[in-house]
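This note's numbering puts the first residue of the sequence shown at 426, with every later residue one more than the last.
The next block holds one structure in the form of structure tokens; read it before the comments.
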Amino acid sequence: KASVLLEGDQMIANGNVDVGKVQPSHQLDKLREERKTLPIYSFRERLLQDVEKNQVLIIVGETGSGKTTQIPQYLHEAGYTKGGKKIGCTQPRRIAAMSVAARVSQEMGAKLGHAVGYSIRFEDCTSEKTVLKYMTDGMLLREFLVEPDLASYSVVMVDEAHERTLSTDVLLGLLKDIARYRPDLKLIISSATLDAEKFSDFFDSAKILRIPGRRYPVDIHYMEAPQADYLDAAVVAALQVHVTQPPGDILVFLTGQEEIETAEEILKHRTRGLGTKISELIICPIYANLPTELQAKIFEPTPEGARKVVLATNIAETSLTIDGIKYVIDPGFSKMKSYNPRSGMESLQVTPISKASSMQRAGRAGRTGHGKCFRLYTSYNYDSDLDDTTVPEVQRTNLANVVLTLKSLGIHDLVNFEFMDPPPCEALLKALELLFALGALNKVGELTKVGRRMAEFPVDPMLSKMIVASDKYTCSDEVISIAAMLSTGSSIFYRPKDKQVHADTARLRFHSGNVGDHIALLKVYNAWKEANYSTQWCYENYIQVRSMKRARDIRDQLERLLERVEIKLSSSNDLEAIKKAVTSGFFPHCARLQKNGSYRTIKHPHTAHIHPSSGIMALEHHVLPRCVLYHELVLTTKEYMRQVTEIKPEWLVEIAPHYYQLNGVVEEDYSTSKKMPRGKGRTSTSKQIPSLVDYSICV
Ligand code: ADP
Ligand code: MG
């Protein structure tokens, strides 16, 4: 056994593996010893044999057994990367891809981005030398567009397959397909849960290898009564554990960045109040947008006498293993996407988790010894309110992006595409309908030139349509800045509690002229650029530095992609033209003011409000615009539209005449012919009748 491992070790010693930032040799030795203690180590030979004998292998093993970090290394050591081939390993979450790649490159004594790298949306940390590539499942999906047979890969490992993200599910279908004509390609599907049979069945009874994990018993404690405020309950529980329980770190599951930051604040405040009465509590947040330099902190060993409390999203359920956790606090919620295929409305909501998830969460407490899990709900809630498993994402999301990708790959027959669990027919139709409306597909469902261009951009179809349309309005320069600012995934404006008034005043400057949120984002970007991308400028203007840096990275990539689709970078200071380009992508997201001050979406009537964070609401004597376009809907206490811009109703008829008709005209045309009326008097009627009606389109 050891001899095979030695090969790999020797490679490190001989410097065959790229050694950039070299680990001190005693640290490498330590890491090497640690690798041998992982449960998967004793299965190394079996695993390599199974991979050799089978094209597809399903691997099931407890979180922390070493699947993600070790399997690609074993395969590399066994020669699967000879001849310049790569081993790819997909992760549903980008932070997992980054963190695991960092760990593996450390173990291999190589600099991150050389032999071991990662690729996530808008960030490629790989080079020609990269042989072990960790990436998000979505990125591998995009690689199919450039390399449909994945010829540069010898092995693809679909990790965390149990998460059943949309991209993972589509990947499984595509991989199954290419495996037929690439007999040399090895597929490994790995999962932390026991539903291996389902994956095995999907891959024509593929072999299953089970890696028994070490798992100590975990005592589960329930609440006696339901909790009104789970965030507060979680903080109280963490403090109680800290004060009353023997040593061991705490892991608290929360639903997102905002919640984690709030919990961090309360915890800091309350521990400060207790002063030296308690031992040190080290607070470690972890969520998708946590800056890289802070990510390593959660893995640092806890100093003697102190206790670590990790505040994590779902990411710590199975994607990341943090050693030393003994106590888990589980409020029982996560943020989930939900989608109504009938209305096409998508929103992110805090939702109860499944029984399977709560078991995974509890399991995190029993990795190194006897643990405890505190569930902040009652055992009655558990039995009667939680579903057994989480519904796969493919069945609860907007499919427009995936359909566009599949169409670009030449897969036309979507109904017969091999999904492990098929999406609802309605959702597929809705996606086709939207892509048709955006001009990405023609009437028979084939990809158009516009669609081909749109597919090049790794963003949702409405955004990519807006970018492609900017060519016509000669403002691609401005529109990619807006697109980048909308894609950072975190808030641009900084509003600290003690300086809200200052922050709001600073913000209003970007809204002068009541330009709407999209143009305000553009103004922020341009002003920052003017200030030489200065950090100081961000502080002075209450702008989040990190979000801006990310926006710049995204913008750079979008600019390169413009070139690829042969759109010239063109600039315009005509705000109306820029807004029209935005409307060209987002016309399905428009709403009209109602008498009672709320809005009603035009296409599928639905009540919504302008989010209080919108610049439109910030002006002191604001007048609600008659017709608006929004970027997204979020459901909190109410249904809110976020990133809102006023538009003129006439634009809708000008830009999307197949989607919006003027009152009166449509009835006539629609009753005489089911086809879309074209051209007929559009410019003249647009001035006559101001209100718009819904108009169904055919696919
Ligand atoms: P699995 O994929 O089976 O859940 P992993 O390969 O992720 O297991 O983890 C194996 C071991 O490597 C764990 O003990 C974990 O603590 C450690 N590990 C993984 N990632 C990191 C990291 N970024 N920093 C430090 N240790 C890590
Ligand atoms: Mg893993």
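The beta-carbon is built from N, C-alpha and C at its ideal position, and this holds for glycine as well.
Asked	Found
What is the DSSP secondary structure of V949, counted as helix, strand or coil?	helix
Could you pull the start and end residues of the alpha helix (DSSP H) that R786 belongs to?	K780 to G788
Within 10 angstroms of its Cβ, does H501 collect 16 or more other Cβ (buried), or is it exposed?	buried
Straight-line CA distance for S490 to L834?	36 Å
For S577, is the classification buried or exposed, using 16 other Cβ atoms within 10 angstroms of its Cβ as the cut-off for buried?	exposed
Using a 10 Å radius around the Cβ and a threshold of 16 neighbouring Cβ atoms, would you call S592 buried or exposed?	buried
Where does K993 sit, in a helix, a strand or coil, going by DSSP?	coil
For H1034, which beta-bridge partners are listed by DSSP?	Y1065
Going by DSSP, which residues form a beta bridge with I675?	V734 and Y752
Do the CB positions of K554 and S544 come within less than 8 Å of each other?	no
Have a look at the DSSP bridge pairing and note the partners of I633.	I483
I'd like the span of the alpha helix (DSSP H) that includes D657, first residue to last.	Y655 to T669
Using C-beta distances below 6 Å, list every residue in its chain close to A928, excluding the 5 sequence neighbours before and after it, in chain order.	R920 and Y967
Please identify the residue among A659, Q495 and D574 whose C-alpha is closest to the C-alpha of I636.	Q495
Span of the alpha helix (DSSP H) holding M560?	Note, M560: premise wrong, no alpha helix (DSSP H); beta strand (DSSP E) at L557 to T561.
Which one of E649, A662 and I614 has the shortest CA to CA distance from F628?	I614
I need the DSSP call for R800, collapsed to helix, strand or coil.	strand
Go through the segment 575–632 residue by residue and report every complete run of the alpha helix (DSSP H) that reaches 4 residues or more, in order.	591–606 and 621–627
Would DSSP call K554 helix, strand or coil?	coil
Where does I917 fall in DSSP's three states?	coil
Between the Cα of A617 and the Cα atoms of K611, R607, L634 and I603, which residue gives the shortest distance?	L634
If you draw a straight line from the C-alpha of L829 to the C-alpha of Y1085, how long is it?	23 Å
In whole angstroms, what separates the C-alpha of T1097 from that of K762?	Summary for T1097: the model assigns pLDDT 32, below 50, so the residue's position carries little reliability, and this model does not support an answer.
Is any heavy atom of ligand 1 found at a distance shorter than 7 Å from the C-beta of G489?	yes
Helix, strand or coil for G366? Go by DSSP, reduced to three states.	This structure does not reach residue 366, given that the chain is present from 426 up to 1124, and the question cannot be answered.
Tell me, please, whether the segment 951–970 touches the segment 1020–1036 by the rule of three or more beta-carbon pairs shorter than 8 Å.	no
With a threshold of 7 Å (Cβ to nearest heavy atom), would T803 be considered close to ligand 1?	no
Assuming K1004 and I1072 form a contact by the criterion Cβ under 8 Å, report the distance between their Cβ atoms to the nearest whole angstrom.	6 Å
Taking 7 Å as the cut-off, is the beta-carbon of K507 closer than that to any non-hydrogen atom of ligand 2?	no
Counting only the same chain and skipping the five closest in sequence on each side, list residues whose C-beta sits under 8 Å from that of E851.	P766 and R767
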